[in-house]
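Contents: one structure, followed by commentary.
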Amino acid sequence: MASVTLDRRFSVLPPIKKEESMDVNSNMMNNGENYHRTENSESVRKLSQENGISRSVNLDIPEQPFSSILKKTRQFQEFDSFDKEENLRLEEEIKLHHLEKLMNRFHKHKPEAILLQAGTGFFPAKTLPRTPGCMNLAEFKQTISDVLVTDEYDDYLEKLFMKLDSSGSGYVDWNEFCTYLLLLYRENDYMRTKREIPFLVEPKIRHIVQNRQEQTTKIVAVDGPTRYVTISREGAISVWYPSMQYDKYYIISDDEVDTSQKRRFKMWVTDAIYMPNCHKIAIASTSRDIRFFDTSTAQYFEEWHLFALPDVPYCFDYYYDKRNPNSESLLIFGNDTGDINILRFYKPVTQLFNVPFKNEGGAHKIFMQNLHEHSKYIGHTVLPAVHPELIRQVQFVPDNDMIISSCASPVKSIVISVTSLKKVYVFKIDKGVECFDFSKKLNILVTGSLDHNIRLWNPYVTFKPMAVLEGHGTGVIGVKIHEGLMQVFSYSKEAVVKVWDIKEHALLQTVILKFPSSIHGRMPEHGQFPIHLQPSPQSSLLVTCNDYIGLLKLGRTSIPHSDTVNTHDTQLCCAIYNPMFKQVATGCDSSVIALWDIETGNKSVVLSNAHMEEEITCMTFDSSYRRLLSGARNGTIKVWNFQNGHNLHKLEAVAEAEVTGIMPLLDKKIILAVGWSRQITLYEDSDPDSMYVHAQQTWKGGQLHKDDILTIDFCPPNLLCTASFDGEIIIWDVETEKVFNRLRKGAASNLKKKIEDMSSVTEKSTESDRPKSMNSRPNSRHQKSHKLEKGSPSQWQAMLHKDSQTAPVDKVLFLKGRATGRNMEVSSLVTSEGGYIRFWCLYGARNEMGYFYAPDQPDESILGMCTNQNNSLLVTGDTTGHIKVWDILSYCIRFQDKGRIKSKPLLEAHWRAHDSAIVSVEFAKHDTGDYIISASTDKTARLWTLREGQYIGTFGQKRSWNLKEPTTWAHPRTPWTLNVDSSKKDTDSSTTVSDSKSQLTDGADLDLQPEGDKLHGNQPEKTRIKSPDLVLPPVETKTVETTDETFLGIRVEKELLRKQKDRKERRENFGDITLKKTQQYGKLCSPFQALSVPTVVDIKIPNNMPLSSRMISKGYTSQNLTEDMVMNMDFSYGGRDSPQGGDQVGEPVAPKKVVPGSKAGSREKESRSSMRSTPRVFAAPTLKKHHTVA
1290 MASVTLDRRF SVLPPIKKEE SMDVNSNMMN NGENYHRTEN SESVRKLSQE
1340 NGISRSVNLD IPEQPFSSIL KKTRQFQEFD SFDKEENLRL EEEIKLHHLE
1390 KLMNRFHKHK PEAILLQAGT GFFPAKTLPR TPGCMNLAEF KQTISDVLVT
1440 DEYDDYLEKL FMKLDSSGSG YVDWNEFCTY LLLLYRENDY MRTKREIPFL
1490 VEPKIRHIVQ NRQEQTTKIV AVDGPTRYVT ISREGAISVW YPSMQYDKYY
1540 IISDDEVDTS QKRRFKMWVT DAIYMPNCHK IAIASTSRDI RFFDTSTAQY
1590 FEEWHLFALP DVPYCFDYYY DKRNPNSESL LIFGNDTGDI NILRFYKPVT
1640 QLFNVPFKNE GGAHKIFMQN LHEHSKYIGH TVLPAVHPEL IRQVQFVPDN
1690 DMIISSCASP VKSIVISVTS LKKVYVFKID KGVECFDFSK KLNILVTGSL
1740 DHNIRLWNPY VTFKPMAVLE GHGTGVIGVK IHEGLMQVFS YSKEAVVKVW
1790 DIKEHALLQT VILKFPSSIH GRMPEHGQFP IHLQPSPQSS LLVTCNDYIG
1840 LLKLGRTSIP HSDTVNTHDT QLCCAIYNPM FKQVATGCDS SVIALWDIET
1890 GNKSVVLSNA HMEEEITCMT FDSSYRRLLS GARNGTIKVW NFQNGHNLHK
1940 LEAVAEAEVT GIMPLLDKKI ILAVGWSRQI TLYEDSDPDS MYVHAQQTWK
1990 GGQLHKDDIL TIDFCPPNLL CTASFDGEII IWDVETEKVF NRLRKGAASN
2040 LKKKIEDMSS VTEKSTESDR PKSMNSRPNS RHQKSHKLEK GSPSQWQAML
2090 HKDSQTAPVD KVLFLKGRAT GRNMEVSSLV TSEGGYIRFW CLYGARNEMG
2140 YFYAPDQPDE SILGMCTNQN NSLLVTGDTT GHIKVWDILS YCIRFQDKGR
2190 IKSKPLLEAH WRAHDSAIVS VEFAKHDTGD YIISASTDKT ARLWTLREGQ
2240 YIGTFGQKRS WNLKEPTTWA HPRTPWTLNV DSSKKDTDSS TTVSDSKSQL
2290 TDGADLDLQP EGDKLHGNQP EKTRIKSPDL VLPPVETKTV ETTDETFLGI
2340 RVEKELLRKQ KDRKERRENF GDITLKKTQQ YGKLCSPFQA LSVPTVVDIK
2390 IPNNMPLSSR MISKGYTSQN LTEDMVMNMD FSYGGRDSPQ GGDQVGEPVA
2440 PKKVVPGSKA GSREKESRSS MRSTPRVFAA PTLKKHHTVA
């Protein structure tokens, strides 16, 4: 079942009181109860079994939400009265004793039979028996009023009854009522515990070949630029790009040759840490030494080697003052005897140690016993016997000079040494502590142990943890705190990452890393520090396992601030209106369905992952407006109770082909579906308890369509219209399932020629251009521009258009008001074909009555059409984003003797509604007036008035509107004038588009301007039609050049993309480039030192300026010398062809004598001619005075 999000603020129901909902979770946390408890699950299961829910509904019953509410409400069992509060909705106020009474009422309900015919003296009365336990609306309202002892909810109970009666039978039983409450309670609890899941993409796993099957001890991140460095246990250093591409590697080795006969043990690396202020990596090993590697250059090298330490350094931590990087820095390390050592570097940026005199190359070796000789730069302090055994981790907190250390001893598992207060806090934990992390901002200490548990501590309360998080199956070997998300990341020995919420103490996500070394059920081996959390802008979690490394990319680490208002994160497929509940349903390509309140524009329900990850292609309501039907690109169809997100039915897919239309017929208890399968499929809709419904391909009229069916519409009582891609239009009689009229037959294709064309295209086209399966042709709503590219059209589209003589039928619409009349010679069907609107009469020999071209630009299409209730106005939405309202009250109501009507009807209104193609327009009748709902591929759905086109708002905007108060509308502003600054930012950002073809095909983030808008140019387009307030905004031009194939080559293109990515990362790190600094001297390239020039002063030419002999010979004097003359002055001494002995360039040159037939002379002549043809450019002097800062 899809996950559902209910927003209480915008629901049809009154909102819930916040204090009431928070008490449940607070009581649970205070009592130390787990999220899933056996007693709660048994109580809910018992209640569900008593109510018979499991027999009728295939539903995963929530455990905690309902049971917690039942437990909370036991204290009210002695009260029978019900007091209404304004901030509480009805379902939340129903207590346990109310539910028990309602269950008894439903079980004891024995309704009287329905009287069909009154009895007489000769014949008994005819009655229809009713099912016990099924209540109608009057009985339901009376029962609820009796149980709650109030009549104040009578109006709301009618809406509640319609929500419960999803089948539209007019009756509600206890199973439906209890199912609705269980779903509601579960979603309420989901909203209380909902958090942003951090890991949204699959992890990247790479093999570290240089480790030679040894574990990775530590991962560190160096900056300038950012690189990940892994150090193996045997000393292999590997460098990685942030994209997990391998860069280079080094090996730690001793240059000295051991000539003694003593046995030497192999060196193992114990820990490593990066020192950012001096760009060094400190690496410790079991050889009792610390090596310092310099990372400031492209090649890393070992600079210092501190050896002969008393004990083995086992763990590191480093601190420096970020405001003063060259001030005193601390390198803290714990050793294998339980001591903590502190190395104080007094001038870390300048120098770490004294530079000894050395003739040979290599690292400077420093003997630990001679460390006092370096007292000018370094100091050493020891905290003895902090732990009884090896120290596993150490961390320094600078606020109060606090050092936190851990070990595996249960006596001193965690020790917090506050040096400023000379106080020590000791934590005792069974099996000790393997890892920990501390956050001063959150004031929380998190520990992980081999007992599989994670503990959250107050750092000053040592005897009891705040919470114990259970969930890992093996020992926890790594924990990290993410302060921005307020989450804890934990890593266990079985290569499993879990995400915990700090406030709720709840498990949010579990990620199982499938390392090759752990697939066969073996317990993988890990280094001492297998986890690393990289902050923004990379925002990644890195873990290691054996000789593999995995990268988990974090999603949004904070709520992004965007001035652009979007309804969904991807392009929409349609927007439909429910007049009963006054709600608008929208669906998008990310398989999300959202319901919005039309009166306020607020979101009420969200169905996430409705069709897994498939694109939603069509949606519709049934005639009772109680159920929502949705179809996807893979052929699946689902029926929803959209008020609580319950999936009522799943309809079988006849093929893995897109569903383009769904038509539920309640009177006949069937559901019809059409699509790219080219078939009319029937589904039985008589059993409300059947989850899976099989498809029936028993349409009696046969499958006459030879191409994909694109659209469908129904006209009561029994007419059905289908149209396909080849232009065929068929009217069906639903009663007989036979053809009623065939308005147009599809264009017959030359099969032999088509096969030849396809084979020729296959040889020339690439694999990405080739159609795949039955979903080869892209949906028309996905095309940014609906006309072929001039010059280089797509071969597949060209072939399809060449084979079909008529344009595809994008939309069919019945004029139901005309069809029900007695006039048989009136047009009652409207079709849209390649931008042409055609009117059809369903009776007689002549069918097509008239047509006209609706868009303003050529080669565009109309994808959305609708009419008002009396069919007097026709609303069209084209692929350029414009909406037009046509007056068709007297258009095509009778045949003309001359032939078809080719003139356009009267245009009532015309405005620009979206930036890209409009996929649907829907008419909405409300108490306050008539409105138009438009949906587009620009990710927005908007609300407009019908006749004037006044902009009310976009669904999803922060500010709500009120249809009864026009002052709350966005009018007279438009979507392009609400925020001029944001529109400029969007225009600038949209000009940079990736060259990747996959992004151009699937890129939901691309916002390209329709090609038809380019004809407008930069001139603002203004149109006034009937309304003085209706002014079209200027059409913005966006030029994006895309090519299917690159002439640069794949390697060159990849290198360019990599450089663009690196440039983008640099700009994120260092900010945008200031042109005032980089272009102080115009377009000339300035050196790096010029970037720090503080001031630039213009200097005027003095009147008594001394002149050179060359300037005097050219006629310059100190009186007539100007800046323009100096800027244009030629100070060059000429080239090879300059006159010998002359200063002026313009002096005549005597021709040089050339011996006839001499090759040298000819070459010189060619050289002179080539130099004459090439213009010579001399740099003009710059009259700027600047102060150079060294």
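In the working numbering, the protein residues as written are 1290 to 2479. No residue lacks a Cβ here, since even glycine has one placed at the ideal position from N, Cα and C.
Supposed contact pair residue j and residue i - C-beta distance, whole angstroms, cut 8 Å
i        : j        : result
Leu-1641 : Cys-1567 : 7 Å
Ser-1455 : Leu-1937 : 6 Å
Trp-1789 : Leu-1797 : 7 Å
Ile-1655 : Leu-1595 : 5 Å
Gln-1817 : Thr-1559 : 7 Å
Lys-1875 : Lys-2228 : Looking at the sequence itself, residue 1875 is Thr, so the reference to Lys does not match. Contact doesn't hold; Cβ gap of about 10 Å is too wide.
Phe-1605 : Ala-1561 : 7 Å
Val-1873 : Gly-2245 : Contact doesn't hold; Cβ gap of about 11 Å is too wide.
Glu-2137 : Arg-2189 : 6 Å
Ile-1926 : Ala-1899 : With 8 Å as the limit, Ile-1926 and Ala-1899 do not qualify as a contact, their Cβ atoms being about 11 Å apart.
Within 8 Å, strictly: CB atoms of residue i and residue j
i        : j        : result
Thr-2165 : Asp-2099 : no
Asp-1625 : Leu-1679 : yes
Leu-1861 : Thr-2226 : yes
Tyr-1666 : Asn-1643 : yes
DSSP-derived helix/strand/coil call for residue i
i        : result
Asn-1630 : strand
Ala-1427 : helix
Asp-1435 : helix
Ile-1579 : strand
Gln-2349 : helix
Val-1881 : coil
Ser-1706 : strand
Ala-2108 : helix
Gln-1658 : helix
Tyr-1445 : helix
Arg-1552 : Unreliable placement is indicated for Arg-1552, whose pLDDT of 49 sits below 50; the coordinate value is still reported in the next sentence. If DSSP states are grouped into helix, strand and coil, Arg-1552 belongs with coil.
Leu-1405 : strand
Pro-1602 : strand
Leu-1896 : strand
Met-1869 : coil
Straight-line gap, residue i to residue j (C-alpha atoms, nearest Å)
i        : j        : result
Val-1474 : Val-1894 : The amino acid at residue 1474 is misidentified as Val; the sequence shows Tyr. Each residue's Cα considered, the two are about 14 Å apart.
Phe-1685 : Tyr-1607 : 7 Å
Gly-1950 : Met-1424 : 35 Å
Gly-1651 : Pro-1637 : 20 Å
Gly-1964 : Arg-2340 : 41 Å
His-2199 : Cys-2004 : 28 Å
Ala-2293 : Thr-1859 : Residue placement at Ala-2293 cannot be trusted, given a pLDDT of 34 that sits under 50; what the coordinates show is reported in the next sentence. Answer to the nearest angstrom: the Cα atoms are 5 Å apart.
Ile-1508 : Tyr-1517 : 7 Å
Glu-2342 : Lys-2348 : 10 Å
Pro-1977 : Leu-1745 : 49 Å
Ser-2161 : Phe-1931 : 32 Å
Glu-1793 : Ile-1959 : 47 Å
Arg-1522 : Thr-1763 : 23 Å
Val-1785 : Ile-1838 : 13 Å
Gln-2491 : Cys-1877 : What the structure shows of the chain is the stretch from 1290 to 2479, and residue 2491 is not part of that stretch, so it cannot be assessed.
Asp-2318 : Glu-2237 : Confidence in Asp-2318 is poor, its pLDDT being 39 and thus under 50, which makes the residue's placement too unreliable to answer from.
At 3 residues or longer, and completely inside the segment 1500-1538: list those beta strand (DSSP E) runs for me, N to C. 1505-1511, 1516-1521 and 1525-1529
At which residue ranges does the segment 1710-1778 contain complete alpha helix (DSSP H) runs of 4 or more residues, listed in the order of the chain? List check, alpha helix (DSSP H) in window: nothing returned.
Kindly provide the ranges of any alpha helix (DSSP H) runs that are 4 or more residues long and lie completely inside the segment 1951-1990, ordered along the chain. none
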